[in-house]
Each structure stands twice: as structure tokens, then as C-alpha cells.
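Novice:
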Amino acid sequence: MKTVSEISKAGSLKMRFALLVLAALIIGGVALWVLRMSVSPVIQVSPVTIAVPTQINSTLPIVATSQGLFQQAGVDVINQPFELGKDALKSVIDGKADLAVVADTPLIFALHDGNKLDIIASISQGRRSLAVVTRNDRGIKTLKDLSGKSVGLSMGTNLTYFLDMMLQTQGVPSSEVNFVDLKTSDVLFAFKTGRIDAAVVYQPFLSQLETELGSRIKVFYGDDVYAFRFLLVGKPLYIDRHPEEIKRVLKALMAAEQLVRDHPVKARKAVGNAVNIDDALMAKLFNTEDYALSLDQAMLLALDDQTRWAMRRGIIGPGPIPNYLENVKYQYLEAILPTAVKIIH
1 MKTVSEISKA
11 GSLKMRFALL
21 VLAALIIGGV
31 ALWVLRMSVS
41 PVIQVSPVTI
51 AVPTQINSTL
61 PIVATSQGLF
71 QQAGVDVINQ
81 PFELGKDALK
91 SVIDGKADLA
101 VVADTPLIFA
111 LHDGNKLDII
121 ASISQGRRSL
131 AVVTRNDRGI
141 KTLKDLSGKS
151 VGLSMGTNLT
161 YFLDMMLQTQ
171 GVPSSEVNFV
181 DLKTSDVLFA
191 FKTGRIDAAV
201 VYQPFLSQLE
211 TELGSRIKVF
221 YGDDVYAFRF
231 LLVGKPLYID
241 RHPEEIKRVL
251 KALMAAEQLV
261 RDHPVKARKA
271 VGNAVNIDDA
281 LMAKLFNTED
291 YALSLDQAML
301 LALDDQTRWA
311 MRRGIIGPGP
321 IPNYLENVKY
331 QYLEAILPTA
341 VKIIH
């Protein structure tokens, strides 16, 4: 028979054990609660379809795709290739792509047609991406000699604006020049075979013509006339409903920009493979400073200038110049790379 002392000790041990179990449960519960609070909720990210012109100026999305940077940023991107930016933009307008890479001129036309579109970022800017190429056998020594001549180009793009500005600097009215609307491949064929006297050509076709025809042609750049920009754009409703996807796309493009700076040869070869240009030619064309994320005041001024030009030309109807700042979603780029946003807002 147990003594009172033994019973008391047994009871005390049971009580201690119970308290230890209770304490363990409490500590475990608190730890689990802290763990749950510290783990961020899983964010659902939808795949993003980006319509991209297969051109050197699309360097950032090309590098981001080829080097797996979109995946590293946590977003699946479906690349939709096009020859021209205006066709890439049409894919967004038609609801077949979420975002598009496009030059500023087709964007202006689309906005004035009543389409709802916003700019997320500029992804490239170059001064030697376009040129007017002329045949020497047509007696063209300067751009003034284009009066009465035929010039092939893809209309509805920034090439039209570029040619008009080049003519304007020489005092040649555009009405005195025959603008011939052709696909890029047809422009090159028509120029080589002499069906047209001149052409507006972008890279890499420009350098290919220089290599192939050499001294039989003249090339007129517009370094001080026009800056070629590619913009990343989308419908405002899509952008507003997918903020996480937009930020991750921009993070991937930011990583691509860094890779271009740190490993230019690697980036150059990736772009060359994508646009089917040999590396020797790419080495002449690839300027790392052209490929960077930005939103600056010069972009807005260019949109204003091109709108005035389009109104004068009768391409779009007359009216006040829109406030294009209302079509810029600068908040997304500002959130990940604030130094790239230099527009006044």
C-alpha cells in the first residue's frame, strides 16, 4: 500500500508531465502560426503571350526568351513572332496576344482608330536602325534628287514618318515622291531588280544590301532626324488585371538588359540566331547601348511630333494632340527600376 507521500509524489509527476505536454503544444502551435504568417501566399501567375517583331531592336525579349530569363522571373511567356511591329500590335488588338512590341508610329495610328492601348516601357532606341537606300544608276546623288522618283517601303509603319522627315530636311515635298507600299521582302526584290529607285530599309536588311550591292548604292542615315523606338504595349484592361505578370515580364527584360551589358557577345549571338543573321554582320550592327528599358520625356515628344505629322498628311483626322501620358503605365517600371522612369508625371 502506497503512502500519502508516495501518492503525492506520483500526482506531482503527472502534473509536471501534463504541464510539459501542454507547454509543448502551446510552443508548437505558436511556431506553426509564426511559420504560416511568414510564408507568403502563393500568387497565381498566368502565361503571357507577347507578339514580337523578329528584328534586332527586339533584343531584350529575344535574349530573355533564349536565356530562360522569363522562367527565372517566374512567368511563362509564349513568343508570337511577326515581321513587323504593326502586325504584332494587331495581334493584341485582335485578342490573340497579351502584349506587343511595336514602334511608336503604328501605335499612334491604332490609338486614333479608337483602340485602347497603353505603353509599359520603351525597350530599345537606335539612331542607325533605318536608312534611305538609293540606286546610283538612277542619278540620285542627294535626297533632293528623290523628287519624281519611286521609293519602296512598308506603309503604316514608322518607315513612312522617317522618309517624310528625311525629305523635309532637304526641302522635298512628299507629294513629289512616289511612295510604293510593299512588304519588306518585296521592297528588297524591287530595289535589287530596279523596279523602284530607292527604298526605306531597316536592319539587318540594310546592312545586307550594303554588303551585296556595295558601291552601286548610296545610304542616307537620319541620325539627327529620327530615333527608332520599340515599345512594349498592351490593352489597359489586361495590364490592370495582371500586375504581377507585368512586373515579372519587366524583371526578365531588366535581367536581359544586364546580360547584354555584361555578356554582349553571348547576347549578340542569341539575337543573331533568332533573326537569322550571321555573327560577322551582327558584330557590326549590335550596339549594346540601344537596348534598355526606359520611359522618358523624349518618347512623349516624339509621339506628339508624329501625331502632328499624321494630321498634316491626312493619315488621321484633325483635332487636339492627345495627352499621351494618359497612355503610359509608368507605375510598373517605376516599381522595379525607378531610375529608368524620367517622364514628368
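Going by full-length UniProt numbering, the sequence shown opens with residue 1, and the numbers climb by one from there. Beta carbons are placed, not taken as given, at the ideal position from N, Cα and C, and that holds for glycine.
Where are the beta strand (DSSP E) runs, 3 residues long or more, that stay fully inside the region 118-150, in chain order?
Specialist: 118-126 and 130-135
Novice: Quick check: residue 100 and residue 85, are their CB atoms within less than 9 Å of each other?
Specialist: With contacts defined as CB atoms closer than 9 Å, residue 100 and residue 85 qualify as a contacting pair.
Novice: Using a threshold of 9 Å, state whether the C-beta atoms of residue 199 and residue 151 are closer than that.
Specialist: yes
Novice: Roughly how many angstroms lie between the CA atoms of residue 172 and residue 67, to the nearest whole one?
Specialist: 46 Å
Novice: Less than 9 Å separating the beta-carbons of residue 158 and residue 216?
Specialist: With contacts defined by Cβ atoms closer than 9 Å, residue 158 and residue 216 do not form a contacting pair.
Novice: Do you know offhand how far residue 74's Cα is from residue 256's?
Specialist: If I take the Cα positions, the gap works out to 14 Å.
Novice: Does the beta-carbon distance from residue 252 to residue 77 come in below 9 Å?
Specialist: yes
Novice: For a quick check, are the C-beta atoms of residue 134 and residue 197 less than 9 Å apart?
Specialist: yes
Novice: Can you tell me whether residue 214 is buried or exposed, with buried defined as 16 or more other CB within 10 angstroms of its CB?
Specialist: exposed
Novice: Using the three-state DSSP reduction, which class does residue 239 fall into: helix, strand or coil?
Specialist: Looking at residue 239 - three-state DSSP - the assignment turns out to be helix.
Novice: Ignore the nearest five residues each way along the sequence and tell me which others in residue 170's own chain have a CB closer than 6 Å to its CB.
Specialist: 143 and 144
Novice: When you compare only the Cα positions, how much space is there between residue 164 and residue 89?
Specialist: In this model, residue 164 and residue 89 are separated by some 23 Å (Cα to Cα).
Novice: Taking only the alpha-carbon atoms, compute the straight-line gap between residue 228 and residue 322 and give it to the nearest angstrom.
Specialist: 21 Å
Novice: Distance, Cα to Cα, residue 141 vs residue 194?
Specialist: 17 Å
Novice: Is the region 272-287 in contact with the region 323-333, if contact means three or more CB pairs nearer than 8 Å?
Specialist: no
Novice: Can you tell me the Cα-Cα spacing of residue 30 and residue 82, whole angstroms?
Specialist: Because the pLDDT of residue 30 is 45, which lies under 50, any placement of that residue in the model is unreliable, and the question is left without a value.
Novice: By how many angstroms is the C-alpha of residue 160 removed from the C-alpha of residue 168?
Specialist: Rounded to whole angstroms, residue 168 to residue 160 spans 12 Å at the Cα level.
Novice: Are the beta-carbon atoms of residue 271 and residue 70 separated by less than 9 Å?
Specialist: no
Novice: Let me know if residue 345 comes out buried or exposed under the rule of 16 or more other beta-carbons within 10 Å of its beta-carbon.
Specialist: exposed
Novice: Output the distance between the C-alpha atoms of residue 341 and residue 334, rounded to the nearest integer angstrom.
Specialist: 6 Å
Novice: With a 10 Å radius around its C-beta and 16 neighbouring C-beta atoms as the bar for buried, classify residue 245 as buried or exposed.
Specialist: buried
Novice: In angstroms, rounded to a whole number, what distance separates the CA positions of residue 234 and residue 92?
Specialist: Distance between the alpha carbons of residue 234 and residue 92 is about 7 Å.
Novice: Give every residue of the same chain whose Cβ lies closer than 8 Å to the Cβ of residue 111, excluding the five residues on either side of it in the sequence, and list them in chain order.
Specialist: 117, 322 and 327
Novice: Classify residue 119: buried if its beta carbon has 16 or more other beta carbons within 10 angstroms, exposed otherwise.
Specialist: buried
Novice: Using the three-state DSSP reduction, which class does residue 255 fall into: helix, strand or coil?
Specialist: helix
Novice: Straight-line CA distance for residue 65 to residue 267?
Specialist: 11 Å
Novice: Given a threshold of 16 other Cβ atoms within 10 Å of its Cβ, counted over all protein chains shown, does residue 203 qualify as buried or as exposed?
Specialist: buried
Novice: Straight-line CA distance for residue 206 to residue 305?
Specialist: 26 Å
Novice: Mapping DSSP to helix, strand and coil, what is residue 50?
Specialist: The answer is strand: DSSP assigns residue 50 an E or B state.
Novice: Assuming residue 393 and residue 49 form a contact by the criterion Cβ under 8 Å, report the distance between their Cβ atoms to the nearest whole angstrom.
Specialist: Nothing in the structure corresponds to residue 393, since the chain is present only between 1 and 345.
Novice: If you drop the 5 nearest sequence neighbours on each side, which residues of the same chain put their C-beta closer than 7 Å to that of residue 127?
Specialist: Excluding residues up to 5 positions away in sequence, 223 and 227 lie with their Cβ nearer than 7 Å to the Cβ of residue 127 in the same chain.
Novice: In terms of alpha-carbon separation, which member of 230, 201, 231 and 225 lies closest to residue 219?
Specialist: 201
Novice: Between which two residues does the beta strand (DSSP E) carrying residue 80 extend?
Specialist: 77-82
Novice: Excluding the five sequence neighbours on either side, which residues of its own chain have a C-beta within less than 6 Å of the C-beta of residue 43, listed in chain order?
Specialist: Within the same chain, 244 come within 6 Å of residue 43 by CB-CB distance, once the 5 residues on both sides are set aside.
Novice: Applying the criterion that 16 or more other CB atoms from any shown protein chain within 10 Å of the CB defines a buried residue, is residue 51 buried or exposed?
Specialist: buried
Novice: Would you call the CB atoms of residue 316 and residue 162 closer than 9 Å?
Specialist: no
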